[in-house]
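So the sequence lines, in the order shown, correspond to chains A and B.
Those letters in the first sequence? Residues 1 to 329, per the UniProt record's numbering, in order.
Those letters in the second sequence? Residues 1 to 329, per the UniProt record's numbering, in order.
Glycine included, every Cβ here is placed at the ideal spot set by N, Cα and C.
Owing to the predicted nature of the structure, the values given are computational and were not obtained by experimental measurement.
There are 2 protein chains.
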Amino acid sequence: MPQPRKRATIREVAKATGLSPAAVSYALRGIQVSEETIERVRRAAAELGYEADPIARALASGRTGMIGLLCGSLEDLWQQALAVGIARALKDNDRYALILDAAGDPAREKTLARQLRDQRVDALIVQPVDPAAPLWAELCESLPVVSIGDSLAGARTAGEVVFDNRAGVTLALEHLCRRGHRRLAVLTSTRAGTPDRPADVHVLAEAGRLGLDLDVVTAPQSLAAATDVARRALDAGHRAFFCFADSIAYGVYAASAERGLRIPSDVTVMGYDDHPMSGLLTPGLTTVDWDIDGIVRAAVRMVVAAADGNTRRRRIVQAPDLRERGSVG
Amino acid sequence: MPQPRKRATIREVAKATGLSPAAVSYALRGIQVSEETIERVRRAAAELGYEADPIARALASGRTGMIGLLCGSLEDLWQQALAVGIARALKDNDRYALILDAAGDPAREKTLARQLRDQRVDALIVQPVDPAAPLWAELCESLPVVSIGDSLAGARTAGEVVFDNRAGVTLALEHLCRRGHRRLAVLTSTRAGTPDRPADVHVLAEAGRLGLDLDVVTAPQSLAAATDVARRALDAGHRAFFCFADSIAYGVYAASAERGLRIPSDVTVMGYDDHPMSGLLTPGLTTVDWDIDGIVRAAVRMVVAAADGNTRRRRIVQAPDLRERGSVG
DNA sequence: GCGGTTCAGTGAACCGTTTCAGTGAATCGC
DNA sequence: GCGATTCACTGAAACGGTTCACTGAACCGC
Chain A
1 MPQPRKRATI
11 REVAKATGLS
21 PAAVSYALRG
31 IQVSEETIER
41 VRRAAAELGY
51 EADPIARALA
61 SGRTGMIGLL
71 CGSLEDLWQQ
81 ALAVGIARAL
91 KDNDRYALIL
101 DAAGDPAREK
111 TLARQLRDQR
121 VDALIVQPVD
131 PAAPLWAELC
141 ESLPVVSIGD
151 SLAGARTAGE
161 VVFDNRAGVT
171 LALEHLCRRG
181 HRRLAVLTST
191 RAGTPDRPAD
201 VHVLAEAGRL
211 GLDLDVVTAP
221 QSLAAATDVA
231 RRALDAGHRA
241 FFCFADSIAY
251 GVYAASAERG
261 LRIPSDVTVM
271 GYDDHPMSGL
281 LTPGLTTVDW
291 DIDGIVRAAV
301 RMVVAAADGN
311 TRRRRIVQAP
321 DLRERGSVG
Chain B
1 MPQPRKRATI
11 REVAKATGLS
21 PAAVSYALRG
31 IQVSEETIER
41 VRRAAAELGY
51 EADPIARALA
61 SGRTGMIGLL
71 CGSLEDLWQQ
81 ALAVGIARAL
91 KDNDRYALIL
101 DAAGDPAREK
111 TLARQLRDQR
121 VDALIVQPVD
131 PAAPLWAELC
141 ESLPVVSIGD
151 SLAGARTAGE
161 VVFDNRAGVT
171 LALEHLCRRG
181 HRRLAVLTST
191 RAGTPDRPAD
201 VHVLAEAGRL
211 GLDLDVVTAP
221 QSLAAATDVA
231 RRALDAGHRA
241 FFCFADSIAY
251 GVYAASAERG
261 LRIPSDVTVM
271 GYDDHPMSGL
281 LTPGLTTVDW
291 DIDGIVRAAV
301 RMVVAAADGN
311 TRRRRIVQAP
321 DLRERGSVG
């Protein structure tokens, strides 16, 4: 076990400057003391290589400067992109993200959310697996929470960037319908034990309206696992897919290739999310596009404001676009 | 600002059980006290909804249970996959990862590495941007460090999973050479201010040996940015590319498509890393494959052992495979 | 010249654990 | 039956900051 090098403490800086620790603490944060003292303390601190211990500071002040980021499932490439985007945008605001992955599991989401709260993150961004969980109301009581995707039922969030999934689903299903598809396999992400999400419910409603025959299957977002699910769906005779994440659609591409089936002539695929790679496939994946940069910007703006104590709550609704590329026959 | 709900402290549990805080602390960790007391304390803790405050614990004990994960650049899809894989594997070991992104910047890498140390992570996994930085030796003095990719020069690491980049580069260049390519654009990841990495140096050496004419260009790994670099390289007349990351190669696919150039007949692309998406492109990306699952497993095993105080140092060298798919003409 | 402010800084409590040195009682070997 | 161990537990000091209540001096208007 390596020996932690002994670091300078605030008391040593105090001794070196002839001030009290309290004065040093104030000086380093540039409050309550004279300009001259601030300068003197800064110099001494630099000399001693002093830097405030974030743990001790967090214990005493209850703040860490960190923002928690609780992702629904990082197997999904789009969610990966979202997480990376948010982490980078936070960095530009001199904050940094504590990224956690609920892996599509509501129980895990619950544990991790509490862990983040206990870690004293100043605020939390969450892309909920189970937006209806009572957890969120509880959590909003003790720290600012910004949700991405779905609204958190009954919770006093600090901000929301909700996706108009109803519009997204309608866009997708109507497009498939226009192209003459009546029987669809719907591949949606796994969420064991979660009540049906608004988006899923809306899929069924829209299918009824449009007279579609749906076969709903849950699929993990990892390429290998999604390919597996797609394989079975193909073998069951399905030839038209509505995938509730581009990552899942990639599995349909892979499985179709294995079976020697061509897209879009033999197999139709519709994605959801628009990951950058979707435009690179042959044919490109027709999908529902959300403005990921806009989402990142909005969420980060909200969460930073909330962490800074701003209590104005904002709610932004993202509208989807149909990005037609050629995977729908 | 939401009001943090007052949580039970260890003192209240002590009061409730008629024990000292110290005894409770021991009991909850199941050491130094009788079975009966442990049971009593557990019950009381559950009743009061007590859970130890991780921050206070970290301050007192110097340990957090967290593993730091410092990534080279999370713009790279392969590195994203690596990070997610490591995070998930750590979870299976009841530890969790604090993921940070150096964004290809050595200065940022330095800051973040120190921040992780100050955050008292029990150990650190790093995929170094600048493996030659003196930083690493300093860091290894105060906590166990496991490196992935390159060896950390002069640092007493707790473990290393090094990629045999020399072999990988040779594999790639010889393949290109066999197919008759003599003039290559080498697209390597940006690393401002970093001395040339061993792999880069080896590229030049091998090129000399094989009689290749190289044009080395640095490229960011985001699709948009890589596409931009590829565009310029195409316009400069390049038709054969060795990309030092599959993510960069995707940019060449995108730029070629824009220009109406076909792969592999008009343009040759060789990748490096083998991201799952590479097999899905048309044609599939010929690339150098590292066993990502093996890397994840090895790194996690090492880091967990090190965090648990095991001082045996291990060094694993990963051998590359050429994954031929059709993007080399 | 006097009450009232402001300013710069102090001292001590506090945040919630862990851990070290002890302590009294029970148990052990012989 | 007695010194030496072990056992179960206690008290208090860390850990390294922040913050609250306060103080003495300088300055203000009048």
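CA-to-CA distance, residue j to residue i, given in whole angstroms
| i | j | result |
| --- | --- | --- |
| residue 240 of chain B | residue 293 of chain A | 32 Å |
| residue 181 of chain A | residue 238 of chain A | 11 Å |
| residue 314 of chain B | residue 295 of chain B | 13 Å |
| residue 97 of chain B | residue 64 of chain B | 11 Å |
| residue 324 of chain B | residue 283 of chain B | 11 Å |
| residue 30 of chain B | residue 220 of chain A | 38 Å |
| residue 144 of chain B | residue 123 of chain B | 5 Å |
| residue 80 of chain B | residue 80 of chain A | 7 Å |
| residue 161 of chain A | residue 12 of chain A | 47 Å |
| residue 170 of chain A | residue 247 of chain A | 20 Å |
| residue 20 of chain A | residue 36 of chain A | 15 Å |
| residue 82 of chain A | residue 140 of chain A | 22 Å |
| residue 60 of chain B | residue 6 of chain B | 21 Å |
| residue 255 of chain A | residue 261 of chain A | 9 Å |
| residue 251 of chain B | residue 234 of chain B | 11 Å |
| residue 27 of chain B | residue 226 of chain A | 45 Å |
| residue 42 of chain B | residue 120 of chain A | 24 Å |
| residue 210 of chain A | residue 174 of chain A | 8 Å |
| residue 151 of chain A | residue 208 of chain A | 25 Å |
| residue 253 of chain B | residue 115 of chain B | 38 Å |
| residue 48 of chain A | residue 304 of chain B | 33 Å |
| residue 93 of chain B | residue 86 of chain B | 11 Å |
| residue 44 of chain B | residue 8 of chain B | 11 Å |
Of the listed residues the options, nearest to residue i (C-alpha basis)
| i | options | result |
| --- | --- | --- |
| residue 316 of chain A | A/157, A/264, A/202, A/284 | A/157 |
| residue 327 of chain A | A/131, A/263, A/36 | A/263 |
| residue 321 of chain B | B/165, B/235, B/260 | B/165 |
| residue 128 of chain B | B/35, B/230, B/199, B/170 | B/199 |
| residue 190 of chain B | B/217, B/175, B/209, B/178 | B/217 |
| residue 105 of chain B | B/95, B/82, B/131 | B/131 |
| residue 288 of chain A | A/208, A/304, A/172 | A/172 |
| residue 39 of chain B | B/306, B/24, B/52 | B/24 |
| residue 272 of chain B | B/159, B/319, B/266 | B/319 |
| residue 249 of chain A | A/185, A/212, A/312 | A/185 |
| residue 117 of chain B | A/167, A/142, A/89, A/52 | A/52 |
| residue 71 of chain B | B/91, B/167, B/100, B/89 | B/100 |
| residue 329 of chain A | A/215, A/146, A/286 | A/286 |
Partner residues on chain A for residue i, Cβ-Cβ distance less than 9 Å
| i | result |
| --- | --- |
| residue 220 of chain B | Correct list: empty, because the minimum Cβ distance to chain A is about 12 Å. |
| residue 277 of chain B | 77, 223, 250, 277, 280, 281 |
| residue 51 of chain B | 114, 118 |
Contact under 9 Å by Cβ, residue i with residue j
| i | j | result |
| --- | --- | --- |
| residue 243 of chain A | residue 269 of chain A | yes |
| residue 222 of chain B | residue 75 of chain B | yes |
| residue 102 of chain B | residue 73 of chain B | yes |
| residue 302 of chain B | residue 77 of chain B | no |
| residue 126 of chain B | residue 187 of chain B | no |
| residue 176 of chain A | residue 280 of chain B | no |
| residue 149 of chain B | residue 134 of chain B | no |
| residue 232 of chain B | residue 259 of chain B | no |
| residue 307 of chain A | residue 67 of chain A | yes |
| residue 58 of chain A | residue 10 of chain B | no |
| residue 215 of chain B | residue 179 of chain B | no |
| residue 290 of chain A | residue 168 of chain A | yes |
Contact list for residue i against chain A, beta-carbon separation under 8 Å
| i | result |
| --- | --- |
| residue 32 of chain B | Under the 8 Å cutoff, chain A gives no residues; its nearest Cβ is about 21 Å from residue 32 of chain B. |
| residue 84 of chain B | 74, 75, 80, 101 |
Beta-carbon neighbours of residue i, restricted to chain B and to distances below 9 Å
| i | result |
| --- | --- |
| residue 272 of chain A | Correct list: empty, because the minimum Cβ distance to chain B is about 17 Å. |
| residue 128 of chain A | Here the premise fails: no neighbours, minimum Cβ distance about 18 Å. |
| residue 88 of chain A | 74, 75, 101, 103 |
Cross-chain neighbours of residue i in chain B, by beta carbon under 8 Å
| i | result |
| --- | --- |
| residue 119 of chain A | 54, 55 |
Interface residues of chain B facing residue i [CB-CB closer than 7 Å]
| i | result |
| --- | --- |
| residue 233 of chain A | What residue 233 of chain A touches in chain B: nothing, since even the nearest Cβ is about 17 Å away. |
Listed by chain order, chain A residues near residue i by CB distance under 7 Å
| i | result |
| --- | --- |
| residue 59 of chain B | 55, 56, 59 |
| residue 254 of chain B | 280 |
Which residues, in order along the stretch 282-295 of chain A, keep a beta-carbon less than 8 Å from a beta-carbon of chain B? Cβ contacts with chain B: 282.
Selection of the stretch 92-111 of chain B by Cβ proximity to chain A, strictly under 9 Å: For chain A, the residues of the stretch 92-111 of chain B that bring a beta carbon within less than 9 Å of one of its beta carbons are 96, 97, 98, 99, 100, 101, 103, 108, in chain order.
Name the residues in the stretch 300-318 of chain A whose C-beta lies less than 8 Å from a C-beta of chain B; which are they? For the stretch 300-318 of chain A, the beta-carbon criterion of a distance under 8 Å to any beta-carbon of chain B is satisfied by 309, 311.
Using a Cβ cut-off of 7 Å, which residues of the stretch 135-160 of chain A contact any Cβ in chain B, in chain order? Result list: 140, 141, 142, 143, 144.
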